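Student:
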Amino acid sequence: MTRRHLALKERFEQMPWPQQLGNLASTLSRMASRATSPAYDTLVIHLLREAALFIEWSAPHAPPELLPELAAMQREVLAWRRLWPLDPARSLLALRGQQMADALLRYAGLVSSPPRASGRPGAGTSSK
């Protein structure tokens, strides 16, 4: 790990876990907003790597019930990183990145509104 990564890790690990998840959500949202443009392929790869590192660094501080979801996100992010750029999947990565970012904000308690119905399982359902 480079000196820059070590400094980033140290700052990141000093944050409370909700803020860590918020920063991870921000990274995924930035990645999602750029995934559709080939001009940003290098940046998207960098942001996918950053997201994987943030997941790794936040896991020890997150509540245990979130660990399976974080592990699944990390596997997905790393798979995208290995495949990127993949022109036919640009809009799918943009969608998945934003879905993961939205979920992280909910897990961290940083947003209170329910997710918009988006066609994914569980979206827009109510518990009566």
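Residues in the sequence shown are numbered consecutively from 852, following our numbering. All residues carry an ideal CB built from backbone N, CA and C; glycine is no exception. Here the structure is a predicted model, which is why all the values come from computation and not from measurement.
Please specify which runs of the alpha helix (DSSP H), each continuous and at least 4 residues long, are wholly inside the region 897-957, giving them in chain order.
Tutor: Here the runs fully enclosed are 918-934.
Student: So P867 and G960 are in contact, right, with Cβ under 8 Å, and what is the actual spacing, rounded?
Tutor: Numbered from its first residue, the sequence shown carries residue 867 at position 16. Numbered from its first residue, the sequence shown carries residue 960 at position 109. Contact flag wrong, Cβ pair sits at about 11 Å.
Student: How big is the Cα-Cα spacing for Y958 and E920?
Tutor: Looking up residue 958 in the sequence shown gives position 107. Looking up residue 920 in the sequence shown gives position 69. Rounded to whole angstroms, Y958 to E920 spans 10 Å at the Cα level.
Student: Just mark L918 as buried or exposed, buried being the case when its beta carbon has 16 or more other beta carbons within 10 Å.
Tutor: By one-based count along the sequence shown, residue 918 stands at place 67. Exposed is the call here.
Student: Nearest CA to the CA of I906: which residue from L955, V962 and R854?
Tutor: Here the question's residue 906 lines up with position 55 in the sequence shown. It is L955 whose Cα lies nearest to the Cα of I906.
Student: Hey, is the region 910-917 in contact with the region 883-901, meaning 3+ C-beta pairs nearer than 8 Å?
Tutor: No, the region 910-917 is not in contact with the region 883-901.
Student: Take M938 and list the residues in its own chain whose beta-carbon comes closer than 6 Å to its own, dropping the five residues that flank it on each side.
Tutor: Stepping through the sequence shown from its first residue, residue 938 is reached at position 87. It should be pointed out that residue 938 corresponds to Asp in this sequence rather than to Met. Excluding residues within five positions, none has a Cβ falling inside 6 Å.
Student: Quick one: what's got a C-beta closer than 7 Å to L894's C-beta in the same chain, skipping five residues either side?
Tutor: Translated into the one-based positions of the sequence shown, residue 894 becomes position 43. Cβ neighbours of L894 beyond the five flanking positions: R885.
Student: Tell me which residues share the same chain as M924 and place their Cβ nearer than 7 Å to its Cβ, disregarding the 5 neighbours each side in the sequence.
Tutor: Here residue 924 refers to the residue found at position 73 when the sequence shown is read from its first residue. I906 and M951, listed in sequence order.
Student: Roughly how many angstroms separate the alpha carbons of T853 and R933, rounded to a whole number?
Tutor: One-based indexing of the sequence shown puts residue 853 at position 2. One-based indexing of the sequence shown puts residue 933 at position 82. Approximately 21 Å, taken between the alpha carbons.
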